[in-house]
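Asks: Mind looking over this structure? Questions follow.
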Amino acid sequence: MTDATLSAPPQVTSTTPLIAADGVPLKQKLARTTRRMKMRALFLTLPLVLFLIVSFVLPIGQMLYRSVHNPTGSNVMPNFAVQIENWDGQGLPSDDIIETFVKDMAAARKNREVGKTIGNLATRVNYEIPGSRSLFTKTARRADKITEGPYMAALIEIDKKWDNPNLWLTLQRVTKDFTISFYLAATDRKFDEAGSIVRADELYRIYLPILWKTIWLSALITALCFIIAYPVSYLLSTLPLRTSNLLMILVLLPFWTSLLVRTSAWIAMLQTEGIINNVFVYLGFIDDNQRIQMIYNMTGTVIAMVHILLPFMILPLFSVMKTIPPSYMRAARSMGASGTYSFRKVYFPQTVPGIAAGTLLVFILAIGYYITPALVGGNDGLLISNLIADHIKKTLNWSLGAALGTILLVVVLIFYWLYNKLVGVDNLKFG
Amino acid sequence: MSLAAEQTNNAAHEAHVRFENVQKSYDGEILVVKDLNLDIPAGEFLTMLGPSGSGKTTSLMMLAGFEPATHGEIYLGGQSINNVPPNKRGIGMVFQNYALFPHMSVAENLAFPLKVRKMGRAEIEEKVNRALAMVELPDMGGRRPAQLSGGQQQRVAVARALVFDPELILMDEPLGALDKQLREQMQYEIKHIHENLGVTVVYVTHDQAEALTMSDRIAVFEDGVIQQLSTPDDLYERPQNSFVAQFIGENNKLHGKVSKKSNGVCTVDLDGGGTVTADAINVGAAGDRTTLSLRPERVEIEPEQGSVPNILSGEIKELIYLGDHIRTRMSVAGNDEFIVKVPNNAGNIPLEEGATVRVGWMSEDCRALDPLAP
Ligand SMILES: Nc1ncnc2c1ncn2[C@@H]1O[C@H](COP(=O)(O)OP(=O)(O)OP(=O)(O)O)[C@@H](O)[C@H]1O
Ligand SMILES: [Mg+2]
Chain B
5 MTDATLSAPP QVTSTTPLIA ADGVPLKQKL ARTTRRMKMR ALFLTLPLVL FLIVSFVLPI
65 GQMLYRSVHN PTGSNVMPNF AVQIENWDGQ GLPSDDIIET FVKDMAAARK NREVGKTIGN
125 LATRVNYEIP GSRSLFTKTA RRADKITEGP YMAALIEIDK KWDNPNLWLT LQRVTKDFTI
185 SFYLAATDRK FDEAGSIVRA DELYRIYLPI LWKTIWLSAL ITALCFIIAY PVSYLLSTLP
245 LRTSNLLMIL VLLPFWTSLL VRTSAWIAML QTEGIINNVF VYLGFIDDNQ RIQMIYNMTG
305 TVIAMVHILL PFMILPLFSV MKTIPPSYMR AARSMGASGT YSFRKVYFPQ TVPGIAAGTL
365 LVFILAIGYY ITPALVGGND GLLISNLIAD HIKKTLNWSL GAALGTILLV VVLIFYWLYN
425 KLVGVDNLKF G
Chain C
60 MSLAAEQTNN AAHEAHVRFE NVQKSYDGEI LVVKDLNLDI PAGEFLTMLG PSGSGKTTSL
120 MMLAGFEPAT HGEIYLGGQS INNVPPNKRG IGMVFQNYAL FPHMSVAENL AFPLKVRKMG
180 RAEIEEKVNR ALAMVELPDM GGRRPAQLSG GQQQRVAVAR ALVFDPELIL MDEPLGALDK
240 QLREQMQYEI KHIHENLGVT VVYVTHDQAE ALTMSDRIAV FEDGVIQQLS TPDDLYERPQ
300 NSFVAQFIGE NNKLHGKVSK KSNGVCTVDL DGGGTVTADA INVGAAGDRT TLSLRPERVE
360 IEPEQGSVPN ILSGEIKELI YLGDHIRTRM SVAGNDEFIV KVPNNAGNIP LEEGATVRVG
420 WMSEDCRALD PLAP
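Chains as they are written, first to last, in my numbering: chain B, 5 to 435; chain C, 60 to 433.
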C-alpha cells in the first residue's frame, strides 16, 4: 500500500451531517432504506406471527388463565358472592347473607343458561367437598318455598349439613373467581375443613404419581431410543450414500403411516393372542396358557412410543455423524489410540450436539404424548396427558385440566432450563 | 533358506519401509494398485506424485493400516505389518483436512498421542511445548483449532504427527488447502523439520513443483503403477517413459518411426517430415514407432551451422514476453504446440510472429521414448 491511500480521510465533524447526493441527510436516508427492509421482513413473517399468536400464545394464555380463574360460584349466585366475600368466617354467616343465598338459589334454579345453573355450582362445590352434590339440588328445589326468616333455620330444616360453618367457609372460597384449588387438586392437595392446605386422602392421590411416572417413563423411552438409534445412525452415516438413503427411508417409513395405524399394528403384534405371543408359543418359549401381557400396560406404552419417537433421535444423530469425517478416527488411531479409546475421546464427544438435540426432542415429545398411551396403555400405562384429556373431554373439569397442563408445561420448561445449563442450547444440532 | 530369499530379507532389513508385490482392489474388479514394489530407506523424503485417482492415497492408507492390502506384503523396519493394527504401527500422519480434533484445544490435540502412551503430566507438557515451539506456534496451546488460520492448523497437524517421535511420517496432500505463498513457505518448513529430525517421510501430492522442491526421491504414480522412481533432477532430465516426460515439467512431443538404432542412439524419421537423432531410452528396434521428448529450454533458435546435429525449420505462431525469457509457440514437424523458451539475451535476433526460423538441439537433449498416440 502506498502512503497516498493511507492519508487521513476528510475530517467530518458531528455538527455537519453527511449529505447524500440528493441533499437529504445520509442518516435519514439510511433509516428510510432500512425501514423499508424491516417492513418487508415484518410483512413476510406476519402470517407466521399471527398463526403463532392464534394457535399458541392465545391458547396457552387461555389455559393459564383458566387454571386459576373459575367464576362458576359468582355466576350462579352473583349477589351472595358479593356479600359472603366480607364475612369474617366466624360461626355461621348472618341471616342477611343467608337470605341472599336463598334468593340467589331460587333464581338460579330457574336459570337454564350454561354455566349458571345450580348443577354447575353443585359440581364445583363437589370438587371441594365430595358428596355434597345432592345437598345443593335438594335445597334448590325448595328454596322458593322459603319466604321469610330466619333463613338459616329454614335451611337447616331442609338439611342439617347447613349447620356446619366449614360448609360456608367452602362456599366463601368457591364464590371467589380466582382460586388455587385446582393447582392443589393437581398436586394431590386440598383445603381441609378449616381452609388450610393439606395432602389429599391417600385414595385420591393420583396426579403426582402419574406425573412422576410420566417423567421417568419419558426418560426411559428417551434412553431406549438413544441406545437403539446411536448404532443405527452410526451405520447410516458410514454407508455409501445410496445404501444409507435406502435405509433412511426405512427409518422414516413410520412418519408416513398414520399414527393410529402404527399404534394399531402394535396391538396386533403384542396382544395376548397376537403375533409375538403366537410365535413364542409356537417355538415353545412359553406355555399357551401363560401368554405374556405386553400391551394395555406400561410395556405396551414403552414399546410403541420408542418405535414412534425413534426417528426423532436418529435424524439429528445422523446429521451430526454425517459431518464427522472418518479422518478424525483415523488420526486418533494413527496416534496409537485403540478403537474404543478413539471412539470415546474423539468420536463420541463430537456427536454430543446430536445426542443433546435428539434426547431433548424425544423427551419433550414423550412427556406430552397422548394417543399411544391412550390406545395401548391400558390402566397403568396412562400418562399425565391422558388425564388432562379426560378432564377436558369427559369430566369437563377444564380448570383442573388446565392446571395439570400448566404443571406439565412448567416441568418441560424446567427440564429445558436444566438442559441449557448442562449442554447449552446453542450446542444443539437438529440437522 | 535360498539365496534369493536371503537377499529379499536383507533388503527388507535395510529399507525402513518396503512394499513387496502389493496389490489393492476395493471392489474385486479393478486393481487400484497394481504391483507396487518400493523400498524406502530410513531418513528419506519420498514423494508419491501422480494424477488424481492413480492410487497414491490408497498406497499410503495401506502403509498406515487403514486399508488392507489385497495381495503382497508391507514391511516396516524389516517386520511384516500386514496384520498389525494402525494404532500399533507407530506412524505419524498428517491428513489433508488436518483432522485436528475440534473439541480439544491445540495443546490437548498435541497431548493426545502422549496420553495414549500414558506419559506423565510433566513429560507431556514439556513435549507439547517443544512441538509447538518447533512449528513456531508457542502461545497457541490454549486455542481451539477453529480459532487458527489454515496455515496455523497445518502446523499444528504436523506438530501432532511428530510429537510422539515416530520414525515414519505420512502426509497426504497436507498443503492442498493452502494458498500458493503459504504453501511454498510450508514446503520449506516441512523440509527443514525433516532434515533436522531425520525421520522418514512419505509424502503424497499431485503438485509436481512441490514434489520437485521437497523430495529426495519421487515415485511417479499412474494407474496404480509406479512409472518411475528417481531423484527430482533425474525425473526431469532423464524421464524413462513418455508419461513421466509429459507429466513432469514442460515437454515437446515429436512422433516418428525409428529408422536406425545403435549404441544407445537412434535415428528417427518424423511424421511431420525431417530426420533427427536422439538418445534411445525406451524404444524397440528399427521400424518401431516412438515419441521424442524435448525440453523447451534445450531448443536453440537459429543455431550456428554445424553446432547442433538436429536442425528443423519451424513457423512462429505466438510470442509471449515473460521478462526473463520469451515463450515461443511454433509449428515444428507437424506439432503446432512446439514450445521454445528463448532466453532474453542481449544479442538475440528479433522474433516475429509468422516468420519461419530454424530450430536445433543436441541429440542427448532429445529422448526417444515409448510411442504415444499422435
Ligand atoms: N474407499 C474406496 N472404495 C472404492 N474405491 C476407492 C476407494 N478409495 C479410492 N478408491 C478408488 O481407487 C482409485 C485410487 O484412489 P486414490 O484415492 O488412491 O487416488 P489418489 O491417487 O490419492 O488420487 P487424488 O490425487 O485424487 O487424491 C480411484 O479410482 C478411486 O476411485
Ligand atoms: Mg488422494
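By construction, the Cβ of each residue, glycine as well, lies at the ideal position given by its N, Cα and C atoms. This structure is a prediction, so every number in the text was calculated from the model and none was measured.
Can you list the residues near ligand 2, meaning Cβ strictly closer than 7 Å to any non-hydrogen atom, in the order they appear in the chain?
Replies: Any residue whose Cβ sits closer than 7 Å to a heavy atom of ligand 2 makes the list: C/K115, C/T116, C/D231, C/E232, C/V263.
Asks: Per DSSP, which residues does C/V279 bridge with? Please list them.
Replies: DSSP, once it has assigned bridges, lists C/L108, C/Q287 as partnering C/V279.
Asks: In three-state terms, what does DSSP make of C/I385?
Replies: Three-state DSSP puts C/I385 in a strand.
Asks: Using a C-beta cutoff of 8 Å, does B/V350 count as contacting chain C?
Replies: So, interface residue.
Asks: Decide yes or no for the touch test of the region 314 to 322 of chain B against the region 352 to 365 of chain B: beta carbon pairs closer than 8 Å, at least 3 of them.
Replies: As far as the Cβ criterion goes, the region 314 to 322 of chain B touches the region 352 to 365 of chain B, which means the pair count is three or higher.
Asks: Check whether chain C comes within 8 Å of B/P329, counting only Cβ atoms and requiring the distance to be less than that.
Replies: It does: the Cβ of B/P329 has a partner Cβ on chain C nearer than 8 Å.
Asks: From the beta carbon of B/A335, is the nearest beta carbon of chain C less than 8 Å away?
Replies: Interface residue, yes.
Asks: What distance in whole Å lies between the Cβ atoms of C/G373 and C/V401, which are believed to be in contact at a cut-off of 8 Å?
Replies: Between C/G373 and C/V401 the Cβ distance is about 12 Å, and since that is not below 8 Å, they are no contact.
Asks: Give the secondary structure of C/P409 by DSSP, where H, G and I count as helix, E and B as strand, and everything else as coil.
Replies: Here C/P409 sits in coil by DSSP.
Asks: Using 7 Å as the cut-off, classify the Cβ of B/S241 as near or not near the heavy atoms of ligand 1, replying yes or no.
Replies: Incorrect: B/S241 has no Cβ contact closer than 7 Å to ligand 1.
Asks: In angstroms with no decimal places, state the Cα-to-Cα distance between B/P357 and B/K397.
Replies: When rounded, the distance between both Cα atoms is 39 Å.
Asks: Here's a check: name, in chain order, each residue in its chain whose Cβ is nearer than 8 Å to the Cβ of C/Q450, leaving out the five neighbours to either side.
Replies: Any property of residue 450 of chain C remains undetermined from this structure, which presents chain C solely from 60 to 433.
Asks: Thinking C-beta only, is B/T121 closer than 8 Å to B/V80?
Replies: A contact, by the Cβ cut-off of 8 Å.
Asks: Taking a Cβ distance cut-off of 9 Å, strictly less, list which residues of the region 175 to 192 of chain C are near chain B, in chain order.
Replies: Taking 9 Å as the Cβ-Cβ cut-off against chain B, the residues of the region 175 to 192 of chain C that qualify are V175, R176.
Asks: Just checking: is the beta-carbon of C/N146 within a distance shorter than 8 Å of some beta-carbon in chain B?
Replies: Interface residue, yes.
Asks: Look up C/L227 in the DSSP assignment and say whether it is helix, strand or coil.
Replies: The answer is strand: DSSP assigns C/L227 an E or B state.
Asks: Could you say if the region 253 to 270 of chain B and the region 394 to 413 of chain B meet the contact criterion of at least three C-beta pairs nearer than 8 Å?
Replies: No, the region 253 to 270 of chain B is not in contact with the region 394 to 413 of chain B.
Asks: Consider the Cβ of B/S323: report whether some Cβ of chain C lies at a distance smaller than 8 Å.
Replies: Answer no: the Cβ-Cβ gap between B/S323 and chain C never drops below 8 Å.
Asks: Is it the case that the Cβ atoms of C/D338 and C/R426 are separated by a distance below 8 Å?
Replies: A contact, by the Cβ cut-off of 8 Å.
Asks: If you follow the beta strand (DSSP E) that C/V143 is part of, which residue opens it and which one closes it?
Replies: Segment: none, C/V143 is in no beta strand (DSSP E) and carries neither H nor E.
Asks: So the candidates are C/V81, C/E103, C/D231; which of them puts its Cα closest to the Cα of C/V260?
Replies: The shortest Cα separation from C/V260 among C/V81, C/E103, C/D231 belongs to C/E103.
Asks: Pick helix, strand or coil for C/G149, following the three-state DSSP scheme.
Replies: Three-state result, C/G149: coil.
Asks: Identify whether C/D338 lies in helix, strand or coil by the three-state DSSP scheme.
Replies: Three-state result, C/D338: strand.
Asks: According to DSSP, is C/S422 part of a helix, a strand, or is it coil?
Replies: Here C/S422 sits in helix by DSSP.
Asks: Please decide whether B/A341 counts as near chain C, where near means a Cβ-Cβ distance under 8 Å.
Replies: Chain C, which has a Cβ nearer than 8 Å to the Cβ of B/A341, makes this yes.
Asks: In whole angstroms, what is the alpha-carbon distance linking C/V436 and C/E361?
Replies: Chain C is shown from 60 up to 433; residue 436 of chain C falls before or after that span and cannot be answered.
Asks: Below 8 Å on the Cβ atoms is my guess for C/S422 versus C/V324; work out the distance and round it to an integer in Å.
Replies: Right, their Cβ atoms sit about 6 Å apart.
Asks: Hey, would you say C/L108 sits closer than 8 Å to C/I277, going by beta carbons?
Replies: Taking 8 Å as the Cβ cut-off, C/L108 and C/I277 qualify as a contacting pair.
Asks: May I ask you to list, following chain order, the residues of the region 204 to 215 of chain C that have a beta carbon less than 9 Å from some beta carbon of chain B?
Replies: Those residues of the region 204 to 215 of chain C that come within reach of chain B (Cβ to Cβ, closer than 9 Å) do not exist; the list is empty.
Asks: On the DSSP bridge list, what partners appear for C/N404?
Replies: DSSP, once it has assigned bridges, lists no residue as partnering C/N404.
Asks: Report the residues of the region 193 to 216 of chain B with a CB closer than 7 Å to any CB of chain C, ordered along the chain.
Replies: Under the 7 Å Cβ criterion, the region 193 to 216 of chain B contributes no residue.
Asks: Roughly how many angstroms separate the alpha carbons of C/A205 and C/D292, rounded to a whole number?
Replies: Roughly 40 Å between the two C-alpha positions.
Asks: So C/N156 contacts chain B; which residues on that side make the cut at Cβ distance below 7 Å?
Replies: P329, S331, listed in chain order.
Asks: Name the DSSP beta bridge partners of B/F186, please?
Replies: Answer is none; B/F186 lacks a bridge partner.
Asks: Measure the alpha-carbon distance for B/M156 versus B/N170 and round it to whole angstroms.
Replies: Taking the straight line joining both Cα atoms gives about 15 Å.
Asks: Please confirm whether C/L237 and C/Q213 have their CB atoms less than 8 Å apart.
Replies: In contact: C/L237 and C/Q213 (Cβ atoms closer than 8 Å).
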